[in-house]
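*Asks:* Which chain is which? The protein sequence lines are A and B, in order. Everything in the first sequence is counted per my numbering, starting at 1 for the first residue and increasing by one. Everything in the second sequence is counted per my numbering, starting at 864 for the first residue and increasing by one.
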Amino acid sequence: MTNSEPSGPKKTRRWVLIADRIADHTISIGGTLVIAAVLGMMVFLVYEVVPLFRDGKVTSHVEYDLPKKEPAVVALSMDDYKTVSASLSKTGKVTVRHVKTGVTLQSSELDFGGKKLTAFSKAIDGDHVAFGFSDGTVRLGRVTFESEILPSDQLPPDLKKVSDKDRTDGQSVFSVVPGDQIRKITVKVQLADEIQVSEDKSPIVALGYQFSSFGERPRSTLATLDAQGVTTLSLAESKLNLFTRKIKTSVEKTLLPPLPPGVPATYALVNDVADAVFFAERNGKVYRYSLKDPQKPVLAETVELLPKGVELTVFGFLLGDRSLVVGGSDGSLNIYFLLARNDAHSSDGLTFVLARKLEPQGAPITGFSPSQRGKTFATSDSQGRIWIRHGTSQATLIRLNSGTNKPLEAFVMAPRLDGLLAVGSGGRTNYWGLSIPHPETSLRSLFGKVWYEGYPEPSYTWQSTGATDAFEPKLSLTPLIFGTLKATFYSLLFAIPIALLAAIYTSEFLPAKVSGKVKPIMEIMASLPSVVLGFVAALVLAPVVETWIASFILVFVVLPVTLVAAAYLWQLLPPYLALRLQGLPKFLLMFLVVGGGMFVAYRLGPLFERLFFNGNFKVWVSSGTGSSVPFLFLLLLPVSAIVVGFSASRMFGFKFGRYLRELEMPYAAIVDLLRWVGVTMVAVGFSYAAAVVLNLLGVDPRDGLVGTYVQRNTLVVGFAMGFAVIPIIYTLADDALSAVPEHLRSASLGCGATPWQTALWIVIPTALSGVFSAVMIGMGRAVGETMIVVMSAGNTPLLDLNVFNGLRALSANIAVELPEAPKDGTLYRVLFLTGLVLFGMTFVINTVAELVRLRFRKRAMQL
Amino acid sequence: MKIGAQPLDKHTENSEQVETQYGETEEPPTEVGAAVEEGDSETTAGPTTTSGHEGVRPGKSSVWDFKARGEPFLWGLGGCLVVGILMIVGFVVLILYNGLLTFFPAPIERVALRSGSVAAGELSRSEQYKPGPEVLAELPAEIRKRISENHDFAHRRLYRIGNYDLYNEDFQWIPDYDITGTTRPKDLFHVERLEWGPFIGTIKSLDLNGRVVSGKTLTLDELHTKHAQAVKRRGRIRSIERNQIAGVNYELERGRLKLRKIMLANGKHSAEYLKAQRDFEPRSATLEARHHELAKEAAALKEKDAKYTIALADVNGKEKLIKLSDVVRLFPANDLTFLQKVEIYFSRWWEFLSQDPREANTEGGVMPAIFGTLCMTMLMALAVAPFGIMAALYLREYAKQGRMVSLVRICVNNLAGVPSIVYGVFGLGFFAYVLGGSIDSIFYPERLPNPTYGTGGLLWASLTLALLTVPVVIVATEEALAAVPTSMREGSLACGASKWQTIKYIVLPRAMPGIMTGLILAMARGAGEVAPLMLVGVVKLAPELPIDHFFPYIHLDRSFMHLGFHIFDVGFQSRNSEAAKPMVYVTTLLLISLVFIMNAVSIVVRNRLKRKFFAGHF
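Shown next as structure tokens:
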């Protein structure tokens, strides 16, 4: 194909050069791109994960002054799209403003009937409010933002322009949104009829309001304290009359036991299930009522949550009504949980437990605004600073400064956590656009122990979805990493011995003809789809193991014993016969022996179960009844066999060898057999004694290593995953062993070593690094294996050592949860992090394996 | 090769006693080697020098160092190998046995129970089990005694009793102690149905459009002919619904989307949109009319079809009337010749390979899954081959060999070991959401917010698997390239060939078998991989195949079915894992055969490469 002829200076044809050039570039660029793309995977994973660890950031900031003559604002609220805000003043004036410019769109007066407002409370959902008046009445109200999407051609004419995108007709705001559409936002304010809470018409001094909408009817819960010290819990079920647009309310009142006389409580709180009511004084003294039995409310506890001399300034719930936020005039901010404690000094066994101490703000905390989504909240201090924090991760996400150096009148976070509006004294107003995509994640919340609401103590928990809106995802990767390691450990515990020993036997002791047949069988298993293994493990193996668990355990004892016994019996064979049957016949005999051992284990299973485990293993293992000695004995057996065997050979081995040599052939073998029997007996006795001693010391494996039996458990996973890993380790180890140069073997054998000595002292040490690399690669596969763990591990994210319990591995977690995770949400990114962790783990393992392998290769070349 | 050993005792050299006694310890190794070769092994263990000469001192004492022989250890090693092989063989036998026998028609047993009632079904399997204490408490003392004698174990049989619609259960465990007798009546039929699984019972009568055939007049032949006609009718209805009506719908939808695209591009009041709308109206009207017509035809056929019914009764006399066309297959299970059984066996296989799944995938066939697996594997191979080979060529032939390249090589080797699920995560995040999302917003705005490429699909699944297998191909190709002797490259270059010519005509052809091996191995791995596919486009039931007769014929955006996922889905997500098991076994058999065949092919190719390589070595 070359076109340059040896004779004559002919020119190379042009297309050859062009093709060469093109190929040059295509291959270089293409090749680099492919490699870059493959490596880029990691970069992409990191890119997706990084936002999890970012704090929030401010995306925009506007500042403006409101007219000075406005009365003081008691509450602010803002719509989902941060377009309009509604502020509520002490006198009942409602002013609707455009958020980003401060333009007043509409202002109206709520009809309080001339009564004086003495207490006010806002429910956590942000739009339900309650007003308490000087005549002992309470009125509920609601500020709602109605938004509707209109096609662009329905935009009413004659609108006043407010900003670039927003127009108004004096009532509603029309914003241009992508897709050629208009969003119309209207503020609606409703005020319900009054409820006479205080019988003797004394002013309401403290008011706690909670609104819950689960069940069919929305329900308002009110905790009130009047000037006479009468505490009341009122449940109001509201119904909106569709014709009159009036809210009709039916009220059910419960009088709580009175507070000690003369308590000037200023804060009242009630949770949405109305079984706990708190009143707090300015000095930090908290009175807790328990309504576990709604008919018999009791004052369960009185505690001081703040040190002496510190004034209570913030007292409120985070979403879910389980985290109590307590802020003081010393700038401290703590979160308390109400938990059952044995040392509780209360009538119902519950008490306030300080769960989290948050970063102090440096100045007295004055304001508090919880989010309607998750555990994020904002606090303001007397210097006009606002910090946005997260209750669970305890992180301070954003620090804002309104620049007034004075306490704020009111502030509110946008419902979607992407903005904050603060009104300062004198009408100074700040608006910040925020971006806090993942407030709840931090290294600590993902890997460390976290004290979640409702949990008695900090724990590692993975629970990504829950039934209610107030559910907080618990995303600790620790149980998943533990699950992966547990599955890997048990599968390797099973796979490494079998694979390595089998590889040594194949490469060193099996006739070439036989090993040439055995190897492909094992190799082809390496390509077996793991979904098949998972299916067999979960649907076939797991039930069988469950029924025959005793036999299954017994096999691990019986099989080694039968094999060794067979070996000693084999020694009885006359030498010429042993030589003749050396290869395939011996190997086939091993099949018989293994088969026989399994059969024996199968037959002896029930007997074994009766002798060792009171006749029922599953009951024995989960109930804790029956003695733990037999199981300890089994666990200690291998250890004691090794110890006894080793020390026996150390102490008597040499003498015994000399003695044996003087014996006639069959007798020598018989004596050797007897020696083994003796040693085994001693080992058994030793192990039993150790088990008894340990048992007396109070060691019971059922506390940790074994426990309640679940059908899809770690044992099954270990077995199935071992099955997947064995062919890989086997093939690679066999390759490494075969790569040991033949002349080393020849030299060793020539010096008079037996094949066993050659294998043990020459071949294995030489191939050790290659074998190690094989094990590492097997481990890498076990760590990342997905389908087997998905199918046969039960997928319970537990931090439990128990072999008979299920687990959830990192890989399985991705497979189970990622398809349902909304794009770019926290769970989605955490699952990417899971992938990255998995990637990192296998990358390290594989790199180590690869480096060791390269070293081995170099060494093998030198030999 | 391995030289026959002369396993001397470790201590022999020090032991004068031995030497004086036998004086043969320094026998030349060759002699031993010869003696050893008489045995059928190259290696030997155990006997000392004297053992080779059993004739010299038969049975007399010898130097036996059992420690050096290490017999117990050898048996330990061998035992592990045996366990490994037994596990594998056991596994393959399990799959083969269950997979191959599933479709063979089993006899139906009529079981009379201790309680006086009867049940009928196919014997599925039997096992030893431990009855719970509450069960034992209700048993007569005699049976209890027998069980306790048997180490608390009892024996029970699992019958597939079918008739799910009547009993809400299609499997029943019957303990041996409950059975008073079993018979195999010849009039029991196994009726496979489109819905509710099999019916096991007798045939009462046939209603053929008003003509009732029952009793003696109802022959098996007539049953089969009428059933064949009913199946034909069903096929006709299906063809109208699935092909013709679906075609019309497809046309309509395409027209609507086109219109919407024009509207989005030019605005609602633009001339283009109005014109397109005017053009579309008559076309849409014709299509609507055609749709109506077809629907009417299908309804008429259905009405006729509903008049052909079959009345069935189970062993307890409960009756059930179903349409004849709802019957897939019926046969008197206890009255079949061997040939008939074989015929049913193969017809079931054919149904399995060529039909769509039914009943939440637990019955019917797996044709869409086979098709999806093949499509995906082929697409993956198409994507992985050029890129993998290109990268390997670059690494081996173009890049400057140095620290950087070996680092890249380590990374590539490493990536071959990265868990497949991680690739799945990447595939979903990058291919489907980032790339697919962009494609959607640029090319398919009219379909938004429904994603076209912005979700898992055939293309993304193939690309994900291509990424997963590209390291395998790179490594294999590199090895194949390295195996081509440098002398050949140099010869070619010395003759004046350009680099590309050398690669194209000298290097690549010689490396081709090695590359093919790598590629086939990659395909085998891809075909068996499930975990990443669960994230990027596999579904339990795909309504449409990725390739069909509607333009543009190959629909890369569609989600698809996959054999491996089918196993997972049927085995774990179906209402009754017992009923699904046979299906899972057969699917497993199919998948394993597919993977094994690919592997076997690659081994054959590898062996041929070796032969060619050694022959051509100079």
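We treat Cβ as the ideally placed atom computed from N, Cα and C, and that holds for glycine.
(1) Taking 8 Å as the limit between beta carbons, can you name the residues of its chain near A/VAL844, skipping five residues before and five after?
(2) Check whether the Cβ of A/SER527 lies closer than 8 Å to any Cβ atom in chain B.
(3) Report the option in B/VAL1458, B/THR1200, B/VAL1297 whose CA atom is closest to the CA atom of A/ILE524.
(4) Just reading off the alpha helix (DSSP H) that A/ASN334 is part of, what are its end residues?
(5) Would you list the one or two residues that DSSP bridges to A/TRP432?
(6) Might you give, ordered along the chain, the residues of its own chain that have their beta carbon closer than 7 Å to the beta carbon of A/VAL644, omitting 5 neighbours on each side?
(7) Using a C-beta cutoff of 8 Å, does A/TYR602 count as contacting chain B?
(8) Could you say if the region 1155-1164 of chain B and the region 1093-1100 of chain B meet the contact criterion of at least three C-beta pairs nearer than 8 Å?
(9) Using a 10 Å radius around the Cβ and a threshold of 16 neighbouring Cβ atoms, would you call B/GLY915 buried or exposed?
(10) With 8 Å as the C-beta to C-beta threshold (strictly closer), list the residues of the region 47-68 of chain A near chain B in chain order.
(11) What does DSSP give as the partner residue(s) for B/ALA982 in the beta ladder?
(12) Starting from the C-beta of B/THR1172, find all residues in its chain whose C-beta is less than 7 Å away, skip the five residues before and the five after it, and write them out in chain order.
(13) Can you list, in chain order, the residues of the region 542-572 of chain A whose Cβ is nearer than 8 Å to any Cβ on chain D?
(14) Sort A/GLY597, A/VAL189, A/ALA753, A/THR313 by Cα distance to B/ARG1482 and report the nearest one.
(15) Please name the residues in the region 1371-1396 of chain B whose beta-carbon is closer than 9 Å to at least one beta-carbon of chain A, in chain order.
(16) For the putative contact between A/VAL518 and A/LEU559, defined by C-beta atoms under 8 Å, what is the C-beta separation to the nearest angstrom?
(17) If I follow the unbroken beta strand (DSSP E) through B/THR1225, where does it start and stop?
(18) Any idea if B/ASP1084 is buried or exposed, counting beta-carbon neighbours within 10 angstroms, 16 or more meaning buried?
(19) Which ranges does the beta strand (DSSP E) cover as unbroken runs of at least 3 residues, wholly within the region 244-295 of chain A, from first to last along the chain?
(20) Judging by CA-CA distance, which residue of A/GLU311, A/SER290, A/VAL286 is the nearest neighbour of A/ALA276?
(21) Between B/GLY1180 and A/TYR730, how many whole angstroms is the CB-CB distance? I'm expecting something under 8 Å.
(22) Do you know how far the Cα of A/ILE149 is from the Cα of A/GLN190?
(23) Please report how far the alpha carbon of B/TYR1296 lies from the alpha carbon of B/THR1318, in whole angstroms.
(24) Going by beta-carbon coordinates alone, are A/GLU70 and A/GLY92 separated by less than 8 Å?
(25) Does the beta-carbon distance from A/ILE398 to A/THR379 come in below 8 Å?
(26) Using the Cβ count rule (16 or more neighbours within 10 Å means buried), how would you classify A/SER551?
(27) Run through chain A and tell me which residues come within less than 7 Å of B/ALA1254, C-beta to C-beta.
(28) Measure the C-alpha to C-alpha separation of B/GLY851 and A/GLY483 and round it to an integer number of angstroms.
(29) Could you spell out the range, first to last residue, of the beta strand (DSSP E) harbouring A/PRO151?
(30) Quick one: list the residues of chain B neighbouring A/PRO520, beta-carbon separation under 8 Å, in chain order.
(31) For B/PRO994, I'd like the list of residues in its chain whose CB is within less than 6 Å of its CB, leaving aside the five on either flank, ordered along the chain.
(32) Suppose the cutoff is 6 Å on Cβ atoms and the five residues either side in sequence are ignored; what does the same chain contact list for B/PRO970 look like?
(33) Mapping the DSSP letters down to three states, classify A/TYR209 as helix, strand or coil.
(34) According to DSSP, what are the bridge partners of A/PRO370?
(35) Quick one: does B/SER933 have its CB under 8 Å from some CB of chain A?
(36) Go ahead and pull the three-state DSSP assignment for B/THR888.
*Replies:* Reading from the atomic positions:
(1) none
(2) yes
(3) B/VAL1458
(4) Note, A/ASN334: premise wrong, no alpha helix (DSSP H); beta strand (DSSP E) at 333-340.
(5) A/HIS61, A/LEU420
(6) VAL679, VAL682, ALA683, PHE686
(7) no
(8) yes
(9) Residue placement at B/GLY915 is flagged as unreliable, the pLDDT there being 38, under the threshold of 50; a coordinate-derived value is accordingly withheld.
(10) GLU48
(11) B/VAL974
(12) ASP1070, LEU1184, ILE1185, LYS1186, LEU1187
(13) Protein chains in the displayed structure are A and B, and chain D is not among them.
(14) There is simply no residue 1482 of chain B to check, as chain B begins at 864 and stops at 1481 in what is shown.
(15) LEU1384, ALA1387, ARG1388, ALA1390, GLY1391, GLU1392, VAL1393, ALA1394, PRO1395
(16) With a Cβ gap of about 19 Å, A/VAL518 and A/LEU559 do not count as contacting.
(17) Element bounds for B/THR1225: n/a, residue is neither H nor E.
(18) exposed
(19) 247-255, 265-270, 276-281, 285-290
(20) A/SER290
(21) At roughly 59 Å, the Cβ-Cβ gap does not stay under 8 Å, so B/GLY1180 and A/TYR730 are not in contact.
(22) 23 Å
(23) 7 Å
(24) no
(25) no
(26) buried
(27) GLY31, VAL34, ILE35
(28) The first residue shown for chain B is 864 and the last is 1481, placing residue 851 of chain B beyond what the model contains.
(29) 137-151
(30) ILE1466
(31) ALA1017
(32) ARG1047, ALA1196, ASN1197
(33) strand
(34) A/PHE377
(35) Looking at the sequence provided, one finds Gly at residue 933 of chain B rather than Ser. Output row for B/GLY933: interface = yes.
(36) With a pLDDT of 37 at B/THR888, under the threshold of 50, the modelled position of that residue is not reliable, and no figure is offered here.
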